[in-house]
Structures are given as structure tokens and as C-alpha cells.
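Residue numbering for the sequence shown follows the working numbering, starting at 34 and increasing by one per position. The structure under discussion appears below in the form of C-alpha cells.
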Amino acid sequence: MDRLIFHIDVNSAYLSWEAARRTAQGEVDLRTIPAAIGGDRESRTGVILAKSIPAKQYGVETGEPIARALKKCPDLVLARPDFRLYETNSRAFMDICRSYAPVVEKFSIDECFLDMSGTSHTYPDPVATAYEIKDTIRDTLGFTVNVGIGTNKLLAKMASDFEKPDKVHTLFPEEIPDKLWPLPVGALFSIGRSTAAKLERAGIHTIGELANSRAEAVQALIGVKAGLHIHNYANGIDHSAVLMQKDEAKGFSISTTLAEDVTTQAEAHRILLALADSVAARMRADSRRAYCIGVVIRANDFKNHSHQKKLEEATDITAEIFAVSRALFDDLWDMRTPLRLLGISLTELTREETEQLTLFPDEHKKKARRADKAIDAIRSKYGLDSIQRGFSGGSRLNVGRKYRAQMEDRQTPPQPPKK
34 MDRLIFHIDV
44 NSAYLSWEAA
54 RRTAQGEVDL
64 RTIPAAIGGD
74 RESRTGVILA
84 KSIPAKQYGV
94 ETGEPIARAL
104 KKCPDLVLAR
114 PDFRLYETNS
124 RAFMDICRSY
134 APVVEKFSID
144 ECFLDMSGTS
154 HTYPDPVATA
164 YEIKDTIRDT
174 LGFTVNVGIG
184 TNKLLAKMAS
194 DFEKPDKVHT
204 LFPEEIPDKL
214 WPLPVGALFS
224 IGRSTAAKLE
234 RAGIHTIGEL
244 ANSRAEAVQA
254 LIGVKAGLHI
264 HNYANGIDHS
274 AVLMQKDEAK
284 GFSISTTLAE
294 DVTTQAEAHR
304 ILLALADSVA
314 ARMRADSRRA
324 YCIGVVIRAN
334 DFKNHSHQKK
344 LEEATDITAE
354 IFAVSRALFD
364 DLWDMRTPLR
374 LLGISLTELT
384 REETEQLTLF
394 PDEHKKKARR
404 ADKAIDAIRS
414 KYGLDSIQRG
424 FSGGSRLNVG
434 RKYRAQMEDR
444 QTPPQPPKK
């Protein structure tokens, strides 16, 4: 039985998601005017992350500086990026896709593969089903997608990149000569600019010319493994499976039940730093950042009390997580009641890659992240106690061995404790 794969890709995702929010509030549709997701118009700093079709007609390009884009299009409407909005829309879009397919692979924040193999009894007409999914997303969420249909992931993805927006395209094996082969070689998925340049210098300008070249010649040109890979792709050959990801963690939390009551603020802060150090490292290892930081304490009456704070920008920086946790703790504790448990939770997670395009990177935060990653690498190689973080007053945080055995790490936080 032939496989049946859909690839669904949000059209100009960041701009579409911002446009959908604004139109729902009665504002002008950014997709219909020269508009872009970018930086600050006044300072003219930052880069273009996404653009509308009218902006593209002015020559505005993704990745170019704001100042250059404004020279091309002085009336360009700029909207700041909102990564929390993007995560929300991504989840909603993926949920609709999962309602149609037994196996869905999230490929990035704005695209996924659906394995529709074996669903012919439920969905006898693949093209009609693709239109139904596309229209459901548009009518329910307010933004458009392209759907590509093929017998493998490569063909489905290439099909979804045909004419945009709000389209359904097929690319079945018998359609390869007419639809795939005339395209420039650089349009083939996984071929970058340097590889395309090598192929063109060798006289290979289209995907069809690559497909009809000898595999050995292509391998001699760009390497054995890479050469075979793109030669197979040019011929529509791809055996990779659609992989369903495991359920992602909703948050990370850590707590320690203390053998002795904690009665001083300084000791509580030292423990909080140890907790923040541990839970932040686990979150970084999963390439996640958190918008919400929470602290829980338990007194010797066994009652839990908690506070949390939502951040404007997601973080994975140990020092920042500790600073927020310390402030929450100081607001929560009466400075008198002996404590038996301390804990930190990190929730409202986002993937690191959705934050990596921050327009105005804070140099202090960049340095802090580099330091955190260096510490993570040292501990991974030499052990958890191989390096200790400094504490206020110049002392070393040397509570690792004392409290680490008592710490309870959780991938998904417990239910919020009652106040």
C-alpha cells in the first residue's frame, strides 16, 4: 500500500498570526498592506522576521535590517515579535492537524507532517481532505496554510512550497517530471546555497538535471553521503518515517524536603540558588525557556504556600531564575516560621528556537547564557560538584551534596499547592 503524507505549512507564520490577532480586534489586516514583523521603527534597529506580500512587492526581504527595509518602503507597518502569541497559535494549529491524522510530526513551530496512510476509509479523497483541513484552520484560527500531498515527506514538503498562499498541491511520483524537475536545483529541500553553487558550476541547474546525473558524479562533487542524499531527493526518493513526538513537558519543577528547619533568609537563599541552578540546567538541556517562575514553601505545619510571576520574556538563565525566585520567596515568607520544604517551578514553556530571533539581544543576557552553558558542559564532563556558583558576599554555594540527594526533580510540575 502506498504511503500518503501531508505537509502543512503556515503562510508567513509570524505575520499571519499577528494579523489574525489584529483583525479579530477590528484592526486592518496586515496581510493586505505593506507590513512586517520586525524591530523598532523609531530607532530603526533590528531585522525583518516576516513580511506581507505587498511588502515583498516593494523588495522587502526577510532577514534584512529594518533601516534598509524602510528605505525601500517608507510606509512599512512594523509589528514587534510576540513569541508567546506564536506558541499559542502553533499549538492550536497542531491540535487541528492531530484531529485528522493518527500520526503527526511537528517539523517546526509553523509546519508539520501528517501520515494519512491507511485512512482511506475515513478520508477517501485526499485532496478533498486537505482542503477541509486548510479551510478549518483558516475559518477557526484566522490564518492560512498550504497543504502539500505526496507519497513521502520529501514530495509532500516540496508540494507545499508550490504557489502560495492558501493552496493545496499534490506531488505524486508520476508528477515528478512535470512539477519537480523544472525547478531550479537550489529549490530542492536540503540543498543550501553553497551546494547549489557547486552544482551550477558543474552544469547542473535544475532538479531534473540533478536527477538524471549519475549518482557517482554527484557524490564526487559534494561528498558520498550528501551526494547520494540529494540525488535520491531529486528522484523523489525518501524513506524517512513520520515520527510522533512524545508529549512535551508542561514544565519543570524541583523541591527539597529539609532534614533541618531553615530559619534564616541567607540559608533559604542559598538553597534556592541550588534549586534554580539544577532546574535551569535541566530546562536548558531540553532547549526550553519559561515565561512563568513559581516558588513553593512548606512550614512545619505541613501547609504549602506559593507565589508565581509571569515574565515579559521567557528565560533559561540561572541567575535570572534565582533572582525572581528569591524575590518571590522574600514576599512569601514571614521571616519567622521555620521552613521544611522549598521548591521552584518553571512553566509556560517555549522552545529555544522560537526565541532565537530576538531583535535587541541583551549583551548581559548573552554573556549569562554563555556562562551557564559553559558550567553545564564542565559538569557534564567532570560531575555536578566540579564547579560551584558564587553566592552573595563572595562565598561559594557549597550546598550541592548536602541538599542534592533530597531534591525531587519533576518533568511536569505538581498541581499548584493551596495557599
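Cβ coordinates follow ideal geometry from the N, Cα and C atoms, glycine included.
task = May I have a chain-ordered list of the alpha helix (DSSP H) segments no shorter than 4 residues that lie completely inside the stretch 66-144?
result = List check, alpha helix (DSSP H) in window: 86-90, 99-105, 116-131.
key: Between the CA atoms of G256 and S339 - distance to the nearest angstrom   = Going by the C-alpha atoms only, they are around 57 Å apart.
message = Comparing C-alpha positions only, which one of I377, P215, H202 sits nearest to T289?
response = Comparing alpha-carbon positions, the option among I377, P215, H202 lying closest to T289 turns out to be I377.
query = On the three-state DSSP scale, how would you describe K258?
reply = K258: helix per DSSP, three-state reduction.
Within 8 Å, strictly: CB atoms of V295 and I304 = For the pair V295 and I304, the CB atoms are nearer than the 8 Å cut-off.
request  = Tell me the start and end of each unbroken beta strand (DSSP E) in the stretch 262-320 that is at least 3 residues and wholly inside, in chain order.
outcome  = The qualifying runs are 284-295.
task = Please report how far the alpha carbon of P217 lies from the alpha carbon of A230, in whole angstroms.
result = Cα-Cα distance, rounded: 11 Å.
inquiry  = Could you tell me the alpha carbon to alpha carbon distance between D128 and L174, rounded to whole angstroms?
reply    = One C-alpha to the other measures close to 11 Å.
query = Among A53, L63, M191, which one has its Cα closest to the Cα of N268?
reply = Selection A53, L63, M191 evaluated against N268 yields M191 as nearest (Cα-Cα).
key: Assumed close pair P454, T239 - CB separation to whole angstroms, cut-off 8 Å   = In the structure as shown, the chain begins at 34 and stops at 452. Residue 454 is therefore absent and cannot be evaluated.
query = Can you tell me whether G71 is buried or exposed, with buried defined as 16 or more other CB within 10 angstroms of its CB?
reply = G71 should be labelled buried.
message = I need the straight-line Cα distance from L308 to I182, nearest angstrom please.
response = Their backbone Cα atoms lie some 48 Å apart in a straight line.
Integer-rounded CB distance, given that F140 should sit under 8 Å from S49 = Contact doesn't hold; Cβ gap of about 17 Å is too wide.
task = For Y164, name the three-state secondary structure that DSSP assigns.
result = Reduced to three states, the DSSP call for Y164 is helix.
For E75 and L147, the rounded distance between their alpha carbons = Just so you know, the alpha carbons of L147 and E75 end up roughly 43 Å apart.
task = Could you tell me which of L306, T155, S132 sits nearest to F355, measuring between CA atoms?
result = Proximity to F355 across L306, T155, S132 peaks at L306, based on C-alpha coordinates.
task = Can you grab the Cα-Cα spacing for the pair V180 / S123, in whole Å?
result = Cα-Cα distance, rounded: 16 Å.
key: Rounded straight-line distance, which links the Cα of A292 to that of Q298   = Spanning the two alpha carbons is a distance of roughly 17 Å.
inquiry  = Run through the DSSP bridge pairs and tell me what Q341 is partnered with.
reply    = Checking the DSSP bridge columns, you'll see Q341 partnered with G327.
request  = Return the residue from the list Q341, A347, S320 that minimises the CA-CA distance to K406.
outcome  = Selected option, being the one with the closest Cα: S320.
ask   = Smallest Cα separation from Y119: which of G59, A52, V110?
value = The alpha carbon of Y119 has as its nearest neighbour, out of G59, A52, V110, the alpha carbon of A52.
query = Of all the options A352, F39, D364, which has the alpha carbon lying nearest to the alpha carbon of A161?
reply = Closest in alpha carbon position to A161, among A352, F39, D364, is F39.
inquiry  = I'd like the list of long-range same chain contacts for D172, defined as Cβ closer than 7 Å, with 5 residues on each side in sequence excluded.
reply    = Nothing meets the Cβ criterion.
key: Beta-bridge partners of T348, as assigned by DSSP   = According to DSSP, T348 bridges with A323.
query = Any idea what DSSP makes of V61, helix, strand or coil?
reply = DSSP places V61 in coil when its eight states are reduced to three.
task = With DSSP collapsed to three states, give me the class of P206.
result = Under the three-state reduction of DSSP, P206 is assigned to helix.
query = Relative to the C-alpha of P371, which residue among T65, T351, E345, A301 is closest?
reply = If you compare the alpha carbons of T65, T351, E345, A301 with that of P371, the shortest gap goes to A301.
ask   = In chain order, what residues of the same chain lie with their CB nearer than 7 Å to the CB of Q252, ignoring the 5 residues before and after it?
value = Answer for Q252: G260, L261, listed in chain order.
request  = Could you name the residues of the same chain whose beta carbon sits closer than 7 Å to that of T391, not counting the 5 residues immediately before and after it, in chain order?
outcome  = For T391, the predicted model reports a pLDDT of 49, less than 50, meaning its position is unreliable; a value from the coordinates is still stated below. Hits under 7 Å: none found.
task = Specify the secondary structure class of T13 as computed by DSSP and reduced to three states.
result = This structure cannot settle anything about residue 13, because the visible part of the chain is limited to 34 through 452.
task = Verify whether the separation of the beta carbon atoms of V110 and P67 is less than 8 Å.
result = Cβ distance < 8 Å, so V110 and P67 count as in contact.
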